[in-house]
Structures are given as structure tokens and as C-alpha cells.
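Just so we're aligned: 205 in our numbering is position 195 of the sequence shown, and the numbers increase by one with no gaps anywhere. Every residue gets a Cβ at the ideal spot worked out from N, C-alpha and C, and that includes glycine. Model, not experiment: these values are computed from the prediction. Report on the following structure.
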Amino acid sequence: MSNNTIATAPVGEQAPLLKDVGRQAAGATTAATVGLIFGPSTILLFLFGVFVEPLSQAFGWSKPSILFAATIVSLMIMVISPIQGYLIDRFGTRPIVLISSVTFALGLGGMYFLSGNIVAFYVMYAILPVLAIGLWPVSYLRVVSTWFDRRLGLAIGIANGGIGLGAALLPPLITFAILHGSVQWAYISLGIIVALVVLPINALFLHEASAKAAAETRAASLPGQEGEFRNLVKTRSFILVAVAFFLLGFVNTGLVTNQISLLVDGGLAPQNAAFVQSVFGLAVLFGRFLTGVLLDYMSAKRLMSAVCIGGAGACLMYASGPAGSLVFVCAILIGMVYGAEFDVLSYIIKRNFGLKAFGRTYGMVFAIFQLGAAAGATLLPLSKAHFQSYSPGLMVYVVALL
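Following this line, the structure appears as C-alpha cells:
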């Protein structure tokens with residue numbers, strides 16, 4: 011924990027000061043977790059599949075045309091991620107998060123006026139990522155990183171676990187809202203949650219460590235490594251990270267978006283395939299927490315290498331047509347890769363590049379990840395269309411992971 015500022019206090023005053031710092035750090039981590047449970051990563055990405063069938067029934071749109079909105083979201087994330095990184099590095103995280111909490115809530119409320127015009131639907135899914143610009147994970151992870159040093163991995167794992175928790179909890183709640191109301195009211199419900207839960211918690215608890223504490227932490231742990239962003243992106247370390255996360259985006263997004271179709275086409279009933287996807291969501295949640303814990307005890311590169319090998323094994327099993335309990339093993343292994351990737355990214359950015367350009371560095375890598383995602387999501391459908399099998403595409407994923 012970042013407690014360098016208490017070292018100059020009298021001995022008798024250090025314990026209360028340490029407790030106060032601990033409460034502030036815990037509050038910031040809690041706010042980050044809640045913010046990610048109800049953030050755009052969950053609402054616009056993980057919840058997207060929940061809306062596909064209801065939207066198709068309500069407006070008569072084809073499912074492929076609805077799914078195109080998910081591609082729009084990925085492309086918008088790719089564009090705004092570097093901008094988000096610049097904004098939080100330039101103006102601080104807190105004001106950007108608070109403003110975005112208001113604009114994102116209003117944007118979700120605007121979905122009340124959704125009608126049968128699918129172009130308007132596409133426009134809204136292009137606007138919503140922008141309205142939520144401060145609520146993507148990098149903002150919260152930057153705040154957490156200012157408070158922690160020795161337990162940085164655990165703190166990041168707890169905060170990032172909010173996405174997995176939201177992916178597990180929100181689908182049944184939103185399905186209930188749709189069944190007992192409408193698609194529009196489901197979106198409004200999410201907007202109300204952002205306005206009445208996320209905004210107040212962020213306003214009360216989301217604070218970065220003091221500038222002095224953050225500067226002292228950087229000086230103590232990263233002597234000589236705090237460089238300007240334009241210099242960082244030229245380093246071998248940054249290039250390796252960028253290439254690795256392009257490949258991770260290429261593989262993981264393709265697997266997540268096509269896993270249910272792959273299983274149904276392989277003979278599983280739709281409800282059983284949905285249950286496998288739920289197991290995947292729980293594996294993501296567990297993977298985020300476990301990765302955070304392990305990062306404090308082993309090197310990031312060994313940990314990420316291990317989960318990538320597991321993911322490659324899952325792709326091999328899927329390519330051979332898994333049956334029975336093997337589908338759950340595959341879902342868990344893929345979920346562990348998805349759960350580990352952004353814990354590892356946050357951890358190595360602070361350790362290798364420091365906090366001065368944390369937002370811009372994370373934002374640039376996240377944009378590169380989304381570029382890989384946009385390419386990888388189409389691979390399995392193309393493999394199925396051209397080879398009547400998912401196996402060729404899955405073998406490309408194996409190579410990419412290895």
C-alpha cells in the first residue's frame with residue numbers, strides 16, 4: 011500500500027494515519043469494483059447477448075444485423091481508449107469518471123426512445139461508448155494502482171473482478187426486467203443503477219492517492235523508468251506487450267462471441283450451451299481474483315504463459331468436438347485466459363512503465379487489443395462457412411496463443 015507519506019509523522023500518529031490510508035485505499039478499490047460491475051464493459055459487451063433475442067422479437071431485426079452493433083462497440087472502444095488514457099493522465103481520473111457516470115446514465119435512459127429503426131440503434135451503440143469514456147476499466151485500475159504497491163496484484167484482481175461479477179449477476183436481472191417490462195425499460199433500469207448507485211459511490215470513495223504519495227511510490231519502485239509516453243511506445247517492452255495483447259484480443263473475443271454457436275452446432279441443446287457460458291463467466295470472475303493473488307508471488311510472464319497454454323489446450327479440445335464434461339473444462343480454461351489478461355496488463359504497466367503515462371499506455375494497448383478483437387470475432391464464422399467446420403479457425407487460435 012502507498013504509505014510513504016506517513017513515514018515523517020511522529021510515531022504515535024502513524025497508526026491512525028495508516029488506518030486512514032487503509033480505509034481510503036479500501037474505499038477506492040470498492041468503488042472501482044462497483045463501477046466495473048455496472049460499467050460499459052459489462053453493459054455494452056457481456057450483456058449484449060441478453061438483448062439479441064428480445065430485440066429481434068420486438069422489432070423484427072435479424073440476429074446478424076443486431077450483432078453488428080457489437081462490432082461497432084469494439085471499433086468505438088478502439089478509437090476512444092487512447093483518448094480516455096490521455097484525459098485521465100491530463101486531468102485526473104475522478105472528474106472524468108464522475109462526468110461519464112452522468113452522461114452514460116443519460117445515454118442508457120435515451121434508449122427508451124428506441125424504435126424499429128435499426129440505424130438509430132447503431133447510432134446509439136456508437137454513442138454510448140463515448141458517453142461512458144471515463145468508465146472503461148483503465149480509469150478504475152489507475153486509481154487502484156496509486157494506492158497499492160506490495161499488494162498491487164490482489165487489489166487489481168479485486169477491482170477487475172467486478173466485470174466478472176457483473177457478467178454473472180446482471181444477465182438474469184436484465185432478463186427479468188425484459189420479461190416483465192420491455193427492452194427499453196431494461197436499458198432504463200441500467201441507467202437508473204448507474205445514476206443512483208455508481209455515481210454516488212464514485213463521488214464518495216473514488217480518490218487517487220495524493221500526488222506526493224504517488225510520486226514517492228514511483229520514485230521508490232521505478233527509478234529511472236518514468237518516461238514520456240512517446241518514448242515508452244518505442245521500447246521493446248511496449249512492443250512485446252502490444253503484440254501479445256493483439257493476439258489475445260484476436261483469440262479471446264472470437265471464442266467468447268462464438269462459443270455458444272460452436273457448442274450448439276456441435277450438438278448441445280441451447281440451454282446447455284447457455285449453462286456452459288455461465289460457467290465461463292464464473293471462471294472469468296475466479297480467474298481475475300486468482301491472477302491478482304498470484305501476481306504478488308510469481309512473475310507476470312510465467313503466469314500469462316501458463317494460462318495461454320491452457321487456452322490452447324481448450325481450443326484443441328473444441329476442435330476435436332468435445333463432449334460431456336470436457337466442454338466445461340474448455341470453458342473454464344478459456345475463462346482463465348480472459349480473467350488473467352487485464353489483471354496482468356495493469357500490473358505490468360505500473361511495474362514496467364510507471365504511473366505517469368499509465369492511462370495513455372493502457373489505452374493504447376487496449377485499442378490494439380480491440381483491433382485484434384474485431385479481426386478475431388469473424389474467424390470462426392468464416393471457418394464454418396468455408397470449411398463446414400470450426401476446426402481450422404480453432405487451430406489458428408491455438409497457434410496465436412502458443
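Start and end of the alpha helix (DSSP H) containing A384? In the DSSP assignment, A384 falls within the alpha helix (DSSP H) that extends over F368 to G386.
Counting C-beta neighbours from all protein chains within 10 Å, is the total for P233 16 or more, i.e. buried, or is it exposed? At P233 the pLDDT is 40, less than 50, meaning the model places this residue with poor confidence; the figure from the coordinates comes in the next sentence. Result: exposed.
Just to confirm, are F368 and S155 a CB contact at a threshold of 9 Å? Yes, the pair counts as a contact, with Cβ atoms nearer than the cut-off.
Quick check on DSSP: helix, strand or coil for A329? Of the three classes helix, strand and coil, the one that applies to A329 here is helix, per DSSP.
Can you tell which of G163, G334 and G323 has its C-alpha closest to the C-alpha of R361? With distances taken between Cα atoms, R361 lies closest to G163.
Express the C-alpha separation of V60 and Y400 in angstroms, rounding to a whole number. Distance between the alpha carbons of Y400 and V60 is about 24 Å.
If I'm right that A283 touches Y357 with Cβ under 8 Å, what's the distance once you round it to whole angstroms? The beta carbons of A283 and Y357 sit about 33 Å from each other, so the pair does not count as a contact at 8 Å.
Report the rounded CA-to-CA distance for V251 versus L257, giving the unit in angstroms. Cα to Cα, the separation comes out at about 10 Å.
In the DSSP assignment, the alpha helix (DSSP H) including N127 goes from what residue to what residue? N127 -> no alpha helix (DSSP H), and no H or E assigned at all.
Which first and last residues belong to the alpha helix (DSSP H) in which Q269 is found? Element bounds for Q269: R246 to D275.
For V21, I'd like the list of residues in its chain whose CB is within less than 8 Å of its CB, leaving aside the five on either flank, ordered along the chain. Any reading at V21 must be qualified, since the residue scores a pLDDT of 43, below 50, and its modelled position is unreliable; no value is offered.
For E238, three-class secondary structure by DSSP: In the structure shown, E238 adopts coil according to DSSP, grouped into three states.
Return the CA-CA distance between Q34 and G323, expressed in angstroms with no decimal places. In a straight line, the C-alpha of Q34 is about 42 Å away from that of G323.
Where L272 falls, given that 16 or more other Cβ within 10 Å makes a residue buried: Its Cβ being crowded by 16 or more others within 10 Å, L272 is buried.
Return the residue from the list V243, F56 and G45 that minimises the CA-CA distance to Q287. Closest in C-alpha terms to Q287, from the list V243, F56 and G45, comes F56.
Return helix, strand or coil for Q398, following the three-state DSSP convention. Correct three-state label for Q398: coil.
With distance defined between alpha-carbon atoms, name the residue in L300, F363 and P105 nearest to N212. Cα-wise, what sits closest to N212 is P105.
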